[in-house]
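Numbering (the numbering used here), first residue to last: 650 to 933.
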Amino acid sequence: MRLLKSILEFYIRSSFHVAFCFVALFLVFHFWNFSKLDGAMLLLIFCGVVIGYNIIKYAALLLERKDFRFKTTIITSTAIASGIAAYLIIKDSLWTVVMVSLASAFSVFYAFPLIRHHNLRQIPIIKLVLVALSWIIIICFLPLKSVYVNFEYSYDSLAFPITDSVKWLYAIDIIQLFVLIIALCIPFEIRDLQYDSPQLKTLPQMIGIHRTKLLGVVLCVIYLVIEIIQFGFTTNIIAISTYLLVPLIAVFIWFSDVFKSDYYTSFFVEAIPVFWLGMLLVLN
Numbered sequence: 650m651r652l653l654k655s656i657l658e659f660y661i662r663s664s665f666h667v668a669f670c671f672v673a674l675f676l677v678f679h680f681w682n683f684s685k686l687d688g689a690m691l692l693l694i695f696c697g698v699v700i701g702y703n704i705i706k707y708a709a710l711l712l713e714r715k716d717f718r719f720k721t722t723i724i725t726s727t728a729i730a731s732g733i734a735a736y737l738i739i740k741d742s743l744w745t746v747v748m749v750s751l752a753s754a755f756s757v758f759y760a761f762p763l764i765r766h767h768n769l770r771q772i773p774i775i776k777l778v779l780v781a782l783s784w785i786i787i788i789c790f791l792p793l794k795s796v797y798v799n800f801e802y803s804y805d806s807l808a809f810p811i812t813d814s815v816k817w818l819y820a821i822d823i824i825q826l827f828v829l830i831i832a833l834c835i836p837f838e839i840r841d842l843q844y845d846s847p848q849l850k851t852l853p854q855m856i857g858i859h860r861t862k863l864l865g866v867v868l869c870v871i872y873l874v875i876e877i878i879q880f881g882f883t884t885n886i887i888a889i890s891t892y893l894l895v896p897l898i899a900v901f902i903w904f905s906d907v908f909k910s911d912y913y914t915s916f917f918v919e920a921i922p923v924f925w926l927g928m929l930l931v932l933n
């Protein structure tokens, strides 16, 4: 039992769990284009998330020569992920290099000072914005030159050639994803309240836990309203899964200050995209 707990803790602390969940969200977003998704791209995304999150979590500790659990193993796994990612990026297009570099820059600027003694963490609510922008760059823009070579947008097994209206559909999807990511981050903002310095000016620090939870629920409602306006109460599997999973996200947000276990957020909340993808695969 102790061994299983150690394995689970390493799985979470090494950022493998968040990487799998990120890939799951990527697959949910591009569900109708599964056949166009490249395994190399998914591996690159997985490795990139491991690298980015480990830099944010452990770079400062390494610079200060502080110890942390699984230090050697996490450094080794991050180095391996870096080697794999570098190999895949070199083989890919310039577009991939630019998008990955841009997303990586947000992680680096978040973790390290831009000027002496100051970094992006000290700008109010910047943590949420940087996470959302990084995720959107990878999920929405990275595959544009591979999955959507001619930017052919698919929905409910129907393919639409590029038009201004289709561009707007994709833009609305990006806005929805931004709203969803902010909502998904709120339980983590509440969990980290006990660790965060007051200088960080996170959302719960600025408006309180209760209002932060209300905001998260409102964001879930906004996501659903946009979905209904776009497609109505259709019976396709994307709509069904959305109408089931997004309210579940709202429930997780509302109880994020009730369940104090780190596994509540670090494992179960993080795994919502995996549940979502699993539901889509079952319904399909």
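Note that the Cβ used here is the ideal one computed from N, Cα and C, for glycine as well.
By the Cβ criterion, the stretch 691–701 is in contact with the stretch 657–675, since at least three pairs of Cβ atoms, one from each stretch, lie closer than 8 Å. Per the coordinates, the alpha-carbon of LEU818 lies some 13 Å from the alpha-carbon of PHE678.
Assigned with DSSP and collapsed to three states, THR883 falls in coil, not helix or strand. In this structure, ILE774 is the residue among SER890, VAL828 and ILE774 with its C-alpha nearest to the C-alpha of ILE856. Taking 8 Å as the cut-off, the beta carbon of CYS789 is found closer than this to the beta carbon of LEU826.
In this structure, the CA atom of ALA888 is about 30 Å from the CA atom of VAL907.
Going by beta carbons, MET690 and PRO836 fall outside the 8 Å limit. By the Cβ neighbour-count rule, GLU919 is buried, with 16 or more other Cβ atoms within 10 Å of its own.
Between the C-alpha atoms of PHE755 and SER783 there is a straight-line separation of about 7 Å. Note that the stretch 710–725 does not touch the stretch 742–753; fewer than 3 beta-carbon pairs, one per stretch, sit closer than 8 Å.
Taking the C-beta atoms as reference points, LEU926 is found nearer than 8 Å to LEU676. The continuous alpha helix (DSSP H) containing ASN703 extends over residues 688–712.
The beta-carbon distance between TYR707 and VAL667, rounded to whole angstroms, is 14 Å. This is too long to meet the 8 Å contact definition. Closest by C-alpha distance to LEU693, out of ALA832, ASP741 and LEU932, is ASP741. The C-alpha of LEU737 lies about 28 Å from the C-alpha of LEU657.
For PRO853, the enclosing alpha helix (DSSP H) covers residues 852–856. An exposed status is given to ARG860, since fewer than 16 other beta-carbon atoms sit within 10 Å of its beta-carbon. Exposed is the label assigned to LYS654, since fewer than 16 other Cβ atoms lie within 10 Å of its Cβ. Contact annotation, PHE717 with PHE659: C-beta distance approximately 12 Å; criterion of less than 8 Å not satisfied. The residue from ILE877, ALA820, ASP911 and VAL778 with its alpha-carbon nearest to that of ASP841 is ASP911.
A residue is called buried when at least 16 other Cβ atoms come within 10 angstroms of its Cβ; GLY865 meets this threshold and is buried.
In this structure, the straight-line span from the alpha carbon of LEU932 to that of LEU863 is close to 31 Å. Following the DSSP letters along the chain, one finds GLU919 in no alpha helix (DSSP H), marked with neither H nor E. When secondary structure is reduced to three states using DSSP, ASP911 falls in the helix class. When the beta-carbon positions are compared, VAL828 and ILE787 stay at least 8 Å from each other.
With a beta-carbon spacing of about 6 Å, ILE886 and LEU929 fall inside the 8 Å limit used to define contacts. Here ILE898 really is in contact with ILE921; their C-beta atoms are around 6 Å apart, less than 8 Å.
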